[in-house]
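Colleague: This is the structure I want to talk about, given as structure tokens.
Protein chains: 4
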Amino acid sequence: MAQPIEQADDFLWDEQPEEACGIFGVYSNDEDCNAAALTYLGLYALQHRGQESAGMVVSDGTHVSVHKNMGLVSNVFNRDILDGLRGRIGIGHVRYSTTGSSLLANAQPLLARCSKGMLAVAHNGNLVNTEDLRKELENGGSVFQTSTDTEVIMNLVARHSRENLADAILKAAQSLKGSYSLVIMSKDALIGLRDPYGVRPMCLGKLADAYILASESCAFSSIGARFIRDIQPGELVMIDRDGLRSYHLPPAPSQAICIFEYIYFARPDSNIDGLNVHMARKAMGRELAKLFQHEADVVIPVPDTGLSTAIGFAEASGIPYDIGLIKNTYVGRTFIQPNQALRDMGVRIKLNPVESVLQGKRVVIIDDTIVRGTTSGKIIHLLREAGAKEVHMCVSAPPITHPCYYGIDTSVRKELIASSHSVEEIRRFIGADSLNYLSLEALYRAVEPKEGLCVACFNGNYPITIPQEESRDKFLLEE
Amino acid sequence: MAQPIEQADDFLWDEQPEEACGIFGVYSNDEDCNAAALTYLGLYALQHRGQESAGMVVSDGTHVSVHKNMGLVSNVFNRDILDGLRGRIGIGHVRYSTTGSSLLANAQPLLARCSKGMLAVAHNGNLVNTEDLRKELENGGSVFQTSTDTEVIMNLVARHSRENLADAILKAAQSLKGSYSLVIMSKDALIGLRDPYGVRPMCLGKLADAYILASESCAFSSIGARFIRDIQPGELVMIDRDGLRSYHLPPAPSQAICIFEYIYFARPDSNIDGLNVHMARKAMGRELAKLFQHEADVVIPVPDTGLSTAIGFAEASGIPYDIGLIKNTYVGRTFIQPNQALRDMGVRIKLNPVESVLQGKRVVIIDDTIVRGTTSGKIIHLLREAGAKEVHMCVSAPPITHPCYYGIDTSVRKELIASSHSVEEIRRFIGADSLNYLSLEALYRAVEPKEGLCVACFNGNYPITIPQEESRDKFLLEE
Amino acid sequence: MAQPIEQADDFLWDEQPEEACGIFGVYSNDEDCNAAALTYLGLYALQHRGQESAGMVVSDGTHVSVHKNMGLVSNVFNRDILDGLRGRIGIGHVRYSTTGSSLLANAQPLLARCSKGMLAVAHNGNLVNTEDLRKELENGGSVFQTSTDTEVIMNLVARHSRENLADAILKAAQSLKGSYSLVIMSKDALIGLRDPYGVRPMCLGKLADAYILASESCAFSSIGARFIRDIQPGELVMIDRDGLRSYHLPPAPSQAICIFEYIYFARPDSNIDGLNVHMARKAMGRELAKLFQHEADVVIPVPDTGLSTAIGFAEASGIPYDIGLIKNTYVGRTFIQPNQALRDMGVRIKLNPVESVLQGKRVVIIDDTIVRGTTSGKIIHLLREAGAKEVHMCVSAPPITHPCYYGIDTSVRKELIASSHSVEEIRRFIGADSLNYLSLEALYRAVEPKEGLCVACFNGNYPITIPQEESRDKFLLEE
Amino acid sequence: MAQPIEQADDFLWDEQPEEACGIFGVYSNDEDCNAAALTYLGLYALQHRGQESAGMVVSDGTHVSVHKNMGLVSNVFNRDILDGLRGRIGIGHVRYSTTGSSLLANAQPLLARCSKGMLAVAHNGNLVNTEDLRKELENGGSVFQTSTDTEVIMNLVARHSRENLADAILKAAQSLKGSYSLVIMSKDALIGLRDPYGVRPMCLGKLADAYILASESCAFSSIGARFIRDIQPGELVMIDRDGLRSYHLPPAPSQAICIFEYIYFARPDSNIDGLNVHMARKAMGRELAKLFQHEADVVIPVPDTGLSTAIGFAEASGIPYDIGLIKNTYVGRTFIQPNQALRDMGVRIKLNPVESVLQGKRVVIIDDTIVRGTTSGKIIHLLREAGAKEVHMCVSAPPITHPCYYGIDTSVRKELIASSHSVEEIRRFIGADSLNYLSLEALYRAVEPKEGLCVACFNGNYPITIPQEESRDKFLLEE
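Going down the list, the sequences are from chains A, B, C and D.
With UniProt numbering applied, the first sequence covers 1 to 479.
With UniProt numbering applied, the second sequence covers 1 to 479.
With UniProt numbering applied, the third sequence covers 1 to 479.
With UniProt numbering applied, the fourth sequence covers 1 to 479.
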């Protein structure tokens with residue numbers, strides 16, 4: 001018999017795996033290049049990767065300025081602040097906390113003075129040996145003012161006081177275990193580095209003479225820059241007066257691009273490692289359609305990530321695509337559930353059914369994941385209330401059975417419904433007439449990866465070894 | 001020869017007709033009814049109707065409380081504030097300024113003490129004889145502290161010091177010219193009133209024993225209330241201990257529901273005067289498809305209002321629906337254009353093309369309106385840059401040739417490109433391969449109104465006479 | 001036997017009678033006159049009269065601007081706000097609430113449009129027939145959005161729609177009962193009005209060609225203006241293009257300048273109705289010295305109001321003046337008592353003894369009033385702890401036995417320790433070795449008033465009749 | 001001939017030497033001891049030593065919490081924040097920047113994790129070898145995120161990873177050159193350290209079983225604690241479960257307590273190194289009286305620091321003490337000079353004369369220092385305008401001829417009027433009838449120091465060697 005499933009009260013915002021930071025960098029030799037303006041626009045385009053804090057550091061070659069704060073890009077910066085950030089070189093960061101608590105002190109980029117002069121670092125990813133590294137550095141006299149991986153990386157680089165900057169970073173990187181896409185800035189250079197597994201994306205663009213680095217290519221589009229190429233796993237690019245040079249870390253046994261960038265994280269208009277995200281999702285939808293054994297009248301997405309997938313599903317299945325759920329675009333982090341009694345209407349605040357689309361219909365509903373199952377259950381209940389005759393749930397990923405240690409907040413294992421329940425149990429729990437997960441094979445067919453993918457959350461095959469006791473709660477500076 | 005068309009720099013946020021207020025009311029006899037919580041959720045669902053300010057007034061039958069401020073519902077209220085708003089009767093308002101300048105003093109509901117005791121008023125619409133009424137009231141000794149229509153209405157009601165509340169409101173209403181949907185609250189009653197033309201919507205719902213009034217039915221859905229019926233044009237509903245009673249103003253010569261509620265304003269899941277908005281838009285899309293004379297590979301919406309229409313178009317035309325433009329959902333009112341040089345990338349910040357969908361394709365793009373034409377031009381340019389071979393623009397409304405005086409900010413006439421240019425001139429200006437507007441007849445076929453519509457912005461037939469010199473700039477209290 | 005005396009917990013900030021508003025006005029014909037800057041500086045100098053909110057209205061003759069907010073003058077205004085307040089005519093207000101609750105809506109000046117055009121009013125004082133006037137106006141159709149006397153006055157003026165402004169104000173004034181010093185502003189004129197009893201002060205100054213009105217002459221000093229004369233009780237001054245003209249209300253049976261302006265409210269450098277406040281206090285000190293029957297080593301003031309009095313006392317008695325208590329100048333309204341257990345150290349946070357001055361000494365301590373007696377008790381305890389051998393309390397006023405209805409918050413009668421206890425009982429309660437109050441006769445000798453004083457709080461002879469049920473809690477708009 | 005003297009426009013707030021930080025610490029073994037509440041009250045009492053930022057760190061023995069921000073103690077903390085700061089051990093800091101720019105990042109205490117576990121440091125003073133130490137630490141791999149001396153001290157301590165905490169601090173201290181009074185906190189201990197010269201004060205108190213450390217004894221008075229003794233120059237006190245233990249740094253060649261603590265910084269009710277500040281100032285006043293050769297009618301202080309001195313002067317000279325200048329207590333850091341034209345009234349905003357005291361009088365005015373001379377000139381002008389017949393300026397310190405490097409912002413040498421002008425030149429510049437400075441000998445007579453004083457600003461004899469190029473602008477992290 002299946003173990004009882006607990007319903008969490010605060011399901012509304014927690015069901016989705018949380019995003020995990022976006023990074024951006026710009027280097028130009030042109031004094032007139034407004035690095036702050038470009039970084040601002042770039043971060044705007046990457047806002048979906050992190051809404052907790054935003055920040056940037058810029059340099060005019062001599063003088064370094066920084067501004068960061070809690071909140072969205074649009075709240076953190078204003079015209080006066082941007083006008084005060086003068087320079088032709090810049091890096092920026094939007095953050096959702098994966099390690100470190102939610103403090104201003106943890107906002108990135110981190111700027112400091114060290115043996116390399118002024119240095120700024122912004123990080124997307126998650127190290128798995130942070131605590132070991134921090135202990136070792138402390139024994140050598142290092143002082144830590146935040147609980148971020150970024151500060152550990154900064155200290156490792158600073159220790160190599162005799163090497164030049166690129167060498168120091170490459171040496172420091174060899175101590176790092178886990179996922180990391182980094183943009184690093186000195187007074188007169190921009191560096192990009194992607195870990196050898198390539199877990200998190202990073203790509204290179206150009207705008208006139210300026211080089212641009214970004215987590216996703218959608219940031220290029222928003223500033224009118226051209227996409228040049230993806231940064232390769234294990235590649236360090238050093239950009240300065242002498243142009244761009246590439247260095248390489250020792251290769252990893254395999255590559256392991258996070259599959260969730262395609263399924264959920266990235267914006268549909270981004271291309272990651274050669275594949276457009278929207279197209280990948282449509283392909284997932286077509287694969288889902290192949291699996292689908294029922295008759296239905298309409299296919300509807302759970303907005304917004306289900307949209308591309310549902311179009312692919314409709315195309316392949318011939319079942320008409322329609323809008324059955326309206327998302328309230330004003331519901332954000334600051335929404336409060338005003339009182340206990342109204343809690344149970346939860347999902348209604350965020351999603352509302354279009355009755356005239358659903359009434360009397362056999363409905364296929366497309367979502368990207370089921371984490372704990374509670375939100376799916378509520379959505380299906382909503383559709384039935386609105387008159388849906390049948391509700392068939394199709395999920396564009398296999399069951400999530402294992403937690404992620406490389407930067408996605410898929411929580412601890414016991415909260416993952418699929419880690420302890422069969423598909424049939426989950427179907428009954430969420431109240432669907434049928435439930436289809438995409439198989440790992442079908443997912444591979446859809447994505448057609450040129451390189452290896454990290455699919456550890458589906459099968460537990462972690463490409464990078466996880467220390468026994470790694471936990472993000474170990475070191476908390478509280479405020 | 002066509003007169004030259006000026007390009008405005010600040011086109012990005014100004015092209016769309018601005019929304020014009022949402023109102024909400026709740027009345028329960030149950031002491032445990034949390035009117036503030038319900039109003040909060042209701043305003044959340046109506047947020048698309050106004051983002052400038054939000055406010056509510058509640059009463060426990062004896063004691064009246066108010067809170068309002070500039071900003072979104074989520075910013076104006078927090079748990080402490082909601083906890084302090086105790087009562088079983090409430091009204092709320094979200095506002096985008098149509099008359100009155102953008103001041104806190106102008107935020108609604110307006111709460112005051114007068115011959116009727118404590119009274120609160122919230123208004124959606126726009127009077128056209130405000131200045132005459134205000135002058136007359138001033139001659140009688142009235143004092144005006146804001147520049148809102150609402151304060152004029154409040155003063156008119158207060159003048160009828162001998163009548164009971166319902167009679168006083170009905171008498172006051174007979175002086176009002178223009179559009180008005182009102183929720184009014186005393187310590188122990190809730191009143192709803194819709195002008196005889198029915199320009200702005202209002203509907204009635206029930207949640208357990210509580211009566212609910214709202215601009216749109218989507219607000220019922222978000223609190224789990226049942227839709228009962230639309231408030232009829234010219235109807236006053238008085239809700240108190242004795243239940244709900246209806247009163248009626250003298251009927252207008254015709255009804256004149258604002259067509260733009262269907263085209264642009266209302267949420268797709270709302271039903272207005274018997275018609276679902278999403279379905280109305282799909283029907284507009286089908287009508288547009290009938291007009292479309294070209295071959296094309298893909299039909300894409302301008303998000304978000306084009307979505308429903310594009311699905312209808314795709315359905316009727318057989319041209320596949322796809323996502324060709326991604327909207328950055330984080331771009332809001334606080335976005336700043338960081339510097340002059342980057343201005344020309346304007347629309348890129350808000351919309352980005354999905355190249356893999358557009359490359360080499362003949363594209364049909366669906367939008368709801370063309371006001372000044374500059375944004376349409378930028379979008380078409382964007383699509384071509386992304387590889388579209390042909391771009392056919394289809395608009396789900398006739399050309400806007402006349403300004404609105406009843407609550408929609410379609411600006412002054414000279415800014416309306418269609419008021420002085422032919423369709424062919426506009427097509428050339430925006431750079432489309434073809435341009436199709438929906439005809440007024442086709443629009444009527446799509447909407448199938450049971451009652452009269454106001455389509456004055458398309459043909460200048462204003463159902464309510466406009467005073468010669470009415471202007472919203474006449475009376476400004478500045479801060 | 002004496003009835004038990006209750007000790008209030010929140011004694012720290014409540015013992016002192018609260019200040020009651022400062023007003024300021026400026027009129028110049030010179031376009032270059034910066035009325036906002038002058039008003040800002042004038043309000044700064046009057047800040048001691050009210051710290052709850054600050055505001056100003058200015059006019060350039062055509063265009064009227066307003067800014068007001070909760071907080072100190074220095075927090076409410078900044079350079080940008082002052083730059084936006086353009087004009088050569090202005091009025092300003094600092095407020096401590098005497099009527100009306102502590103809301104932004106109640107901040108002054110009140111600006112509105114009425115039959116007189118744009119009108120702004122700022123009020124120092126307290127009407128005693130507010131509720132009657134408001135009821136009467138409501139019956140005539142008036143609407144009240146605040147709970148201030150000022151709004152009642154504005155409505156009364158607005159009712160006289162046929163009269164010119166001066167006449168309308170004079171007619172309105174004849175309905176007012178209570179204390180009022182008013183500055184009123186239209187687009188092109190400045191008016192000052194002082195009630196016939198002259199309860200609150202107001203004086204006239206000149207700076208180059210500009211006329212200045214202010215609650216106290218210290219405001220002239222801070223802007224470099226010359227003192228011209230006091231506004232007479234019952235006088236209205238109208239200042240416009242035609243210069244300054246005086247009008248007079250029917251005279252009151254007597255004049256009744258508030259004695260507390262001399263004892264406690266006003267700044268020592270101000271001259272009120274012909275008498276310098278510092279000199280008046282020194283004279284009170286000399287009178288106190290005549291009464292004092294004991295031997296002592298040192299006379300020390302309770303800062304800050306006791307300073308002038310203590311110098312006078314020292315001079316007349318020959319007992320050396322010294323500083324025995326240091327006031328923490330950073331303790332203000334925002335101070336919080338961090339926890340229950342620390343409450344009992346209360347007065348220590350605000351006042352600290354200078355042990356080396358007090359050790360082994362017979363100390364005379366000079367304070368301006370004893371309201372509830374709790375603070376005096378704590379201070380005396382503090383002095384003894386610091387080594388004082390004897391503590392003799394001298395108070396520069398007679399016992400306060402009656403509440404004030406004209407603008408000073410001396411609270412309700414039962415909280416006034418002297419209303420139910422003898423001097424000997426109070427001496428024992430506060431723990432003094434002796435306690436001397438100034439007699440009413442001695443106070444008159446010190447002040448030597450040319451006109452009548454209001455000393456109702458000492459003897460209950462209220463010059464203006466108090467309606468039976470007047471209470472400031474009657475009408476509260478809550479937020 | 002004397003070189004021309006420039007008048008600075010922004011003289012108003014800059015004339016006074018700026019205060020230089022206050023520190024506070026508490027240690028109790030009692031779980032119920034509310035370290036945050038005590039630290040809050042202690043910082044309140046020390047607020048005069050720094051108004052730029054405030055902060056505290058507390059520990060319950062296991063868990064460490066921190067809160068700091070820009071602004072006054074009353075603005076930085078509120079009840080919720082204090083409730084969140086749980087613990088029985090705490091340190092706090094109020095800051096006026098002497099090194100490091102005015103940034104939140106530079107606010108203290110600094111909290112970090114290092115080889116000693118969690119460590120927090122708060123510093124009053126100024127190191128003169130900061131840059132050398134930072135360079136050396138950088139070469140060893142240290143990373144600096146602020147521009148404070150405190151971070152350098154923290155890193156030095158962290159380097160001694162093998163020593164216990166007291167030893168590590170003592171070893172680190174031996175590298176420090178300059179002035180430093182430090183409170184340091186680990187999870188379970190409180191440490192106080194005063195530099196061997198004893199430039200800045202620190203004293204020890206007890207409240208029940210709790211040990212208290214504070215910059216000045218006035219902090220004890222405000223929490224009801226007993227003064228135990230001054231911390232000796234070069235003494236480290238370690239307070240933990242085992243009680244209090246003292247350690248000593250190698251003694252300095254001499255002691256050098258900053259004379260300005262007595263003249264200007266400290267609160268009159270504080271006792272520093274055995275001497276009460278108020279008494280010291282009265283003694284300075286008596287010494288000044290001995291020097292004074294003229295006849296006069298009244299002696300008045302420049303508030304607030306001149307008060308004690310003027311009383312001493314009056315006592316010794318027999319010239320009556322009076323209040324001739326009223327200080328506007330609401331003028332603070334946020335005051336803005338509203339426009340250019342009003343600038344020249346400068347000092348009038350802060351100080352206003354009491355004409356009735358000054359009219360026709362020969363006035364002695366007592367101030368603590370003359371830095372640039374501009375403010376003194378304005379004050380004398382004000383007194384003459386108010387009718388003073390003669391103005392004799394007496395200054396309770398010798399001429400300031402040399403800048404301070406140990407924590408007082410007496411600016412660069414060229415701004416010090418006395419560094420390049422004779423007393424007679426200064427007298428003429430400020431427009432006084434006579435000008436008397438206290439001689440160094442008289443000052444020593446007044447203070448009667450048991451140990452050496454630092455009087456370098458008067459005679460250039462710096463007790464601690466100043467590196468050639470030390471400047472506080474070397475290292476700036478900008479925001």
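Glycine residues also receive a C-beta, built at the ideal position from the N, C-alpha and C atoms.
Given the structure is predicted, the values throughout are model-derived calculations rather than measurements.
Could you tell me which residues DSSP pairs with residue 240 of chain A in its beta bridges?
Modeller: Answer is A:243.
Colleague: With burial defined as no fewer than 16 other Cβ atoms inside 10 Å of the residue's Cβ, what is the status of residue 464 of chain B: buried or exposed?
Modeller: Classification for residue 464 of chain B: buried.
Colleague: Please list, in chain order, the residues of the segment 362–387 of chain B that have any C-beta partner in chain A closer than 8 Å.
Modeller: Against chain A - using a Cβ distance shorter than 8 Å - the segment 362–387 of chain B contributes no residues.
Colleague: Which value, in whole angstroms, describes the spacing of the CA atoms of residue 198 of chain C and residue 258 of chain C?
Modeller: Cα to Cα, residue 198 of chain C sits roughly 8 Å from residue 258 of chain C.
Colleague: Find the nearest neighbour of residue 106 of chain D within the set D:113, D:116, D:360, D:94, judged by alpha-carbon distance.
Modeller: Closest option to residue 106 of chain D, Cα to Cα, is D:94.
Colleague: Go to residue 368 of chain B, then tell me how far its beta strand (DSSP E) extends in each direction, as first and last residue.
Modeller: That residue, residue 368 of chain B, is in no beta strand (DSSP E); it is neither H nor E in DSSP.
Colleague: Short of 7 Å Cβ to Cβ, which residues in the segment 209–223 of chain C face chain D?
Modeller: Answer in chain order: 218, 221, 222, 223.
Colleague: Starting from residue 144 of chain D, find everything on chain A with Cβ-Cβ shorter than 8 Å and list it in chain order.
Modeller: The answer, in chain order, is 112, 113, 114.
Colleague: According to DSSP, which residues form a beta bridge with residue 211 of chain C?
Modeller: DSSP output for residue 211 of chain C lists C:27, C:206 as bridge partner(s).
Colleague: Roughly how many whole angstroms lie between the Cα atoms of residue 213 of chain B and residue 349 of chain B?
Modeller: One C-alpha to the other measures close to 38 Å.
Colleague: From the DSSP output, read off the bridge partner residues of residue 22 of chain C.
Modeller: DSSP lists C:94 as partners of residue 22 of chain C.
Colleague: Do the CB positions of residue 400 of chain D and residue 301 of chain D come within less than 8 Å of each other?
Modeller: Result no, Cβ atoms of residue 400 of chain D and residue 301 of chain D do not sit closer than 8 Å.
Colleague: With DSSP as the reference, label residue 271 of chain D as helix, strand or coil.
Modeller: Correct three-state label for residue 271 of chain D: strand.
Colleague: Determine the chain B residues that contact residue 315 of chain A at a beta-carbon separation under 8 Å, and present them in chain order.
Modeller: Near residue 315 of chain A (Cβ distances below 8 Å), the residues of chain B are 320.
Colleague: Using a cut-off of 7 Å between C-beta atoms, extract the partners of residue 154 of chain D located in chain A.
Modeller: Here the neighbours are 143.
Colleague: Name the two residues that bound the continuous beta strand (DSSP E) containing residue 390 of chain A.
Modeller: 390–395 is the span of the beta strand (DSSP E), which, as asked, contains residue 390 of chain A.
Colleague: Please state the DSSP three-state secondary structure of residue 111 of chain B.
Modeller: Strand, per DSSP.
Colleague: Could you name the residues of the segment 253–281 of chain D whose beta carbon sits closer than 7 Å to any beta carbon of chain C, in the order they occur along the chain?
Modeller: Answer in chain order: 267, 268, 269, 276, 278, 279.
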